[in-house]
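One structure below.
2 protein chains.
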Amino acid sequence: MSRIANSGYLETKVYNEIKDLIIQGELKPGELIIQDQIAKRIGVSRTPLRRAFADLERDYLLVTTTQGLTVRTFSAEFLISVWEVRSVLEGLACRLSARVIDKATVIYLRTLFTTAYEEWLETGDLDAYRKADVMFHTKLVDIGENPILINNFNYSHVLTIAFSKGILRSPSETYPEHMQILDALEEKDESSSEQLMLEHLRKTIPKI
Amino acid sequence: MSRIANSGYLETKVYNEIKDLIIQGELKPGELIIQDQIAKRIGVSRTPLRRAFADLERDYLLVTTTQGLTVRTFSAEFLISVWEVRSVLEGLACRLSARVIDKATVIYLRTLFTTAYEEWLETGDLDAYRKADVMFHTKLVDIGENPILINNFNYSHVLTIAFSKGILRSPSETYPEHMQILDALEEKDESSSEQLMLEHLRKTIPKI
DNA sequence: AATGTATTCTTTGTATACAATGGATTATAC
DNA sequence: GTATAATCCATTGTATACAAAGAATACATT
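Residue numbers (the working numbering), protein chains in the order written: chain V, 1 to 208; chain D, 209 to 416.
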């Protein structure tokens, strides 16, 4: 939601609950959304649904088809589309970040990745690395302070989070790439920052 | 709107009327939107407003500030943001189009530009060229069939249309660029298609 | 005059009420 | 039994009704 998260709006509550229902698989892809059912299930009237539906459509979780409002089916083809766009958006994020990023942030991100990487090497646990990864990408998008970029990123962010687990490449492969990107950022090299990020993300697309 | 344009929904009507009010300048940047006023002005109840507001926010015409829902102020900084994102999105559109575009479409677009260009040379009238330009970019986005790309493009399309008049470069400058892009597309060269489009669009950014 | 306190009034979010559309189902005719 | 007509029912879009939160105004006290 573009609205301030967790404000007291029932619309926000509805948005979050439906989102979770979809991600948890309780609402199945292709399933028709019936306002009354949802309203009763969540315990609100139908009024706040309409706004929440708009937001859920915007964030690619629901679609209006000929039958009505349905849960989106996340085909491989569709997820590739998400990744293709994500790639250029984050490439741009990198370019914009290169202009303004400060040394402290670069160092912070480098240690974040390195500790997570070492943890993975020792324990085999991917969780920390995954978190660092999300953090990294989110941070770069924010640093650029381009509101359009931030929005477009957020719209598909739910999806990238929800579906990235299966397709993430091994840290042994991505860690050096992340370091290269950080190097380019440190040198404030806009073009190679963008280019490296683009290539980094595009390498994941074939795996989808 | 993502919804089928011109369907009988009052929400759609509200969306379009408010959009026009903003573009025509009857609703001024920074102005606070008061539901009752808008509802009466348009002749509907407050109910369909909420959904329309969500769509207008998504399309960057309205923003929720601390005072409430207001008309966006389109600063140069903001329009640069739009253009920065537009550049990478259309760069991607070009890359995707290069994969699938057929010769007929390339020829169609080439003649479209050329006749418009010649018309401008003779009469000095920019209108046809502007239309060809919009057509060109819209077409490329559509050809790629990437739903995320199409949406993100559409979200800011109202703005690029509304504010491009002042910043368009001269056809004498852009016509060769357009031809180069079409050449690359004809050769199905993904990378240079993308690159050329990127450079083409980024050249307008400094003018904003 | 300035500050603090009540008390309206405005505005909003949400719930309920109503009407229309479309699909399913039953009934009827052949 | 099939085809067509009529009726219901589910579902949705929109309008109105209501309650709460905040801003603005009026009043009182010093």
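No residue lacks a Cβ here, since even glycine has one placed at the ideal position from N, Cα and C.
Using a Cβ-Cβ cut-off of 8 Å, state whether residue i counts as contacting chain V.
i: A262/D; result: yes
i: R258/D; result: yes
Roughly how many angstroms separate the alpha carbons of residue i and residue j, rounded to a whole number?
i: V314/D; j: L390/D; result: 6 Å
i: K221/D; j: S372/D; result: 25 Å
i: R202/V; j: P384/D; result: 30 Å
i: A301/D; j: V82/V; result: 13 Å
i: R110/V; j: T47/V; result: 47 Å
i: Y325/D; j: T346/D; result: 18 Å
i: I80/V; j: D350/D; result: 16 Å
i: M197/V; j: S87/V; result: 7 Å
i: R307/D; j: H200/V; result: 21 Å
i: N154/V; j: G251/D; result: 34 Å
i: E394/D; j: A312/D; result: 10 Å
i: A336/D; j: E327/D; result: 8 Å
i: V134/V; j: R50/V; result: 30 Å
i: L126/V; j: L159/V; result: 19 Å
i: I241/D; j: L277/D; result: 6 Å
i: I369/D; j: F286/D; result: 15 Å
i: G332/D; j: K19/V; result: 53 Å
i: A392/D; j: S401/D; result: 5 Å
i: S397/D; j: Q388/D; result: A small correction: the amino acid at residue 397/D is Asp; Ser does not occupy that position in the sequence shown. Going by the C-alpha atoms only, they are around 11 Å apart.
i: Q37/V; j: S45/V; result: 10 Å
i: F344/D; j: A39/V; result: 44 Å
i: V63/V; j: G25/V; result: 16 Å
i: T65/V; j: I101/V; result: 43 Å
i: E122/V; j: G166/V; result: 21 Å
i: L422/D; j: N152/V; result: Residue coverage of chain D in this structure runs from 209 to 416, which leaves residue 422/D outside it and unanswerable.
i: I230/D; j: L264/D; result: 10 Å
i: G238/D; j: S7/V; result: 23 Å
i: E225/D; j: T115/V; result: 54 Å
i: Q275/D; j: R58/V; result: 25 Å
i: L235/D; j: S170/V; result: 52 Å
i: S172/V; j: G91/V; result: 22 Å
i: Q195/V; j: R41/V; result: 47 Å
Round the Cβ separation of residue i and residue j to the nearest angstrom and send it over; I've been treating them as touching at under 8 Å.
i: S399/D; j: L348/D; result: In fact, because the Cβ distance is near 16 Å, the residues do not count as touching under 8 Å.
i: A260/D; j: E219/D; result: 5 Å
i: H178/V; j: F113/V; result: 5 Å
i: L376/D; j: R338/D; result: 7 Å
i: Y223/D; j: S364/D; result: No, Y223/D and S364/D are not in contact; Cβ-Cβ is about 16 Å, not under 8 Å.
i: A54/V; j: A340/D; result: 34 Å between Cβ atoms; not a contact.
i: A284/D; j: I413/D; result: Not confirmed; about 11 Å, so no contact.
Let me see if you follow: with CB-CB separation under 8 Å, is residue i close to chain D or not?
i: N154/V; result: no
i: S193/V; result: no
i: L89/V; result: yes
Taking residue i as the query, report the chain D residues whose CB atoms sit under 7 Å from its CB, ordered along the chain.
i: L182/V; result: Here the premise fails: no neighbours, minimum Cβ distance about 21 Å.
Under 8 Å Cβ-Cβ, which residues of chain D neighbour residue i?
i: E84/V; result: L300, L304, N354, I356, L357
**OP:** Give the residues from the segment 326-355 of chain D that approach chain V closer than 8 Å (Cβ to any Cβ), ordered along the chain.
**Re:** N354, P355
Original post:
Along the segment 265-290 of chain D, what residues have a CB closer than 8 Å to any CB found in chain V?
Top reply: E265, R266, Y268, T272, F286, S289, V290
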